[in-house]
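Under this note's numbering, think of the first position of the sequence shown as 597, with each following residue one higher. A virtual CB, placed ideally from N, CA and C, is assigned to each residue, including glycine.
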Amino acid sequence: MIQSAPTALAMSQMMRPGSIAILGASTDPGKFSNRPLVYLASLGFKGPVYPIHPQAESIEGFRCYRSIDDPPGPIDVVIVARPAAYVPAEIERCLARGIRAFVVFSAGFAEAGPEGALLQARIVDLCRAAGAVMCGPNCTGLFDVPSRAALSFMTNLDQEVEDGGSVAFVSGSGSIAAIMYQGRGRVFRSVASIGNEAVCSGADFIAHALEEPETRGVVAFLEAIREPSRLVATLKRAAALEKPVAILKAGRTPQSAAVAATHTGALIDDDTAIQAMFERLNVIRADSLEELKTLAVLMHAASKWRIGPGVGVLTPSGGTAVLIVDEILKHGLAVPELSAATCQVLGEIIPQATPGNPMDVTGFGASSPEILTRAMEAMLADPAIDVVLVPMGGGVGKVGSARARVLIDVAAKTRKLVVPIWQGTTREQPGYDAMLAAGLPAMTDYALLIAALGGLVRHRIRCDAERKRSGLDADAMSLPGAALRLIEAARNGAATSLSEPAVKTILSAAGIAVPSSTI
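Dropping the structure here:
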């Protein structure tokens, strides 16, 4: 039986709660049921927090209560960190109090065999009968950055994740969730480790993130597609919103799928069908965790800077330029010729070099902040260039810091994306750290960078083509707004015919039921 989609209110109470209780809260800093309290205290969560503990008076400054019935105020979400055998009774007690959102850390459910599967079926039945939502079981939890709601025991959340992120991450693995934000915490707006997906599937978490206005894109690591129809509907919504979704789908082979089943009780999927679905719905498919992380970084960067297919390369290394051009063309991007005016300016800036794209500024030019600045500005001013890649081979210590300063200053004055590529070594890297701190999407692997950039550009091109085909404006995000724009386009003759999705949009906005679509 297909589960109906959870309500927006219930998902919001789980993802961005106003009050939190913790069943199984621990006074031991080494226990995973202690870490959320540490995070909530150190990060400054503003709502009430109710640790449930049989003896302790307080934990991390939060007053303890003996039972879930004792806290004086309403509870939006409960973290459950009790042995699996006790979880159904705890859920039932919480439901009786009116609580409808849970994050279940506990393991020992479907991933553990038949007995665990029965326990999981019991908590699923309880939640669905009450209209409740759940993350997990067998998960490391959730973190919503704006509200500081750290319902998680993931490592170093308080040290890694910062304000200002625009990308949501949904992960079937707790360890991979933590790996993703290490060193790139300022990219993410929310992180969800979803475990067994017993009640809420990965599609539900992606769908919730898409409706957040400040979320500009979603990246996900999924071990299974548990509710294909729900995921299809979610990805169609992403396409309507023109928000990119990138997915790393594990279990492509029978052997890896069997491993996934022992991890979260994941279902075995037909990868050919999944690939077809992703292609049809304009999903960016990542081939590795590193590529997924790179996609997240570029999604966030694209919320500030413009991206496009025209790639300029500016480097002190001719050999590196050749390698990078090969990758650019392999991934469907372009290396445009520069205009005569741009070449003339570059020739005046660096007379000892041959102006063009890629542009070899020579070691002399790269060592001069003034020359490097002028060369970058000239290339960025060329109308054929959308993105400039700047490999920085050997740039360590003072040399690297000086080059980094140039890139930071130039990027601050342009709408086009500037991507530093830090090569050679990670020793003495204050320049690299400075670029990350300034928000530049500095990379160390040019091949991963270009693969991810190609995926994002193709997504944008397909969105533009679909909008032109349907006569839909880029800002037509709401259903009524989309319908009005479609009607206006037809009325003005901008659209000579309406597609099936366009007609369904208009009918739905008018309150007329339409049949669901399948790919």
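By the DSSP assignment, the alpha helix (DSSP H) with residue i in it spans what residues?
i, result
"I772", "G770 to Y777"
"Y1042", "Y1042 to S1066"
"Y635", "R631 to L639"
"G556", "The structure shown does not extend to residue 556, since the chain is modelled only from 597 to 1115, so the question has no answer here."
"L605", "A604 to M611"
"V699", "Run containing V699: none in the alpha helix (DSSP H); it sits in the beta strand (DSSP E), A697 to V700."
"A692", "V683 to R693"
"V720", "P710 to A726"
"V941", "A936 to I945"
"G1033", "The sequence as given places Ala at residue 1033; Gly does not occur at that position. Start and end: P1026 to A1033."
"A1038", "Premise fails: A1038 is in no alpha helix (DSSP H) and is neither H nor E."
Specify the secondary structure class of residue i as computed by DSSP and reduced to three states.
i, result
"M882", "Note on identity: in this sequence residue 882 is Ala, with Met being the wrong assignment. Correct three-state label for A882: coil."
"D624", "coil"
"I870", "helix"
"Q1019", "strand"
"S538", "As displayed, the chain neither begins before 597 nor continues past 1115, which places residue 538 out of reach and without an answer."
"M972", "helix"
"M750", "coil"
"F537", "With the chain covering 597 to 1115 only, the question about residue 537 has no answer from this structure."
"R826", "helix"
"V741", "coil"
"I655", "strand"
"T890", "helix"
"A764", "strand"
"D1005", "helix"
"K1012", "strand"
"R902", "strand"
"V645", "strand"
"I821", "coil"
"D956", "strand"
"A980", "coil"
"I1108", "coil"
"A917", "helix"
"A834", "helix"
What do you get for residue i, buried or exposed, if any count of 16 or more other CB atoms within 10 angstroms of its CB means buried?
i, result
"L1176", "Since the displayed the chain opens at 597 and closes at 1115, residue 1176 lies outside it and no answer follows."
"K1064", "exposed"
"L1052", "buried"
"K926", "exposed"
"V918", "exposed"
"G993", "exposed"
"I1108", "exposed"
"L1103", "exposed"
"D922", "exposed"
"R999", "buried"
"K642", "exposed"
"Q1025", "buried"
"G768", "buried"
"P733", "buried"
"R780", "buried"
"A898", "buried"
Between the beta-carbon of residue i and the beta-carbon of residue j, is there less than 8 angstroms?
i, j, result
"L619", "I648", "yes"
"P840", "M895", "yes"
"V787", "A773", "yes"
"P987", "Q948", "no"
"M610", "V741", "no"
"P912", "D956", "yes"
"I870", "I821", "yes"
"Y635", "D754", "yes"
"F765", "M750", "no"
"A1030", "S997", "yes"
"D672", "G614", "yes"
"A745", "R612", "yes"
"I675", "L747", "yes"
"A971", "I945", "yes"
"K845", "M776", "no"
"A697", "A606", "yes"
Specify, as a first and last residue, the run of the beta strand (DSSP E) that residue i falls within.
i, result
"A842", "V841 to K845"
"M730", "V729 to C731"
"L818", "G813 to L818"
"T911", "V907 to T911"
"P809", "No beta strand (DSSP E) holds P809; DSSP gives it neither H nor E."
"A617", "I616 to L619"
"I675", "V673 to V676"
Hey, would you say the C-beta of residue i is under 7 angstroms away from at least one heavy atom of the ligand SAH?
i, result
"G813", "With respect to the ligand SAH, the structure shown offers nothing to examine, as it has no ligands at all."
Cβ pair count under 8 angstroms reaching 3, the stretch 782–802 against the stretch 812–822: yes
Does the contact criterion of 3 or more C-beta pairs under 8 angstroms hold for the stretch 1034–1054 versus the stretch 934–952? no
Any contact of the stretch 972–981 with the stretch 904–911, i.e. 3+ C-beta pairs under 8 angstroms? yes
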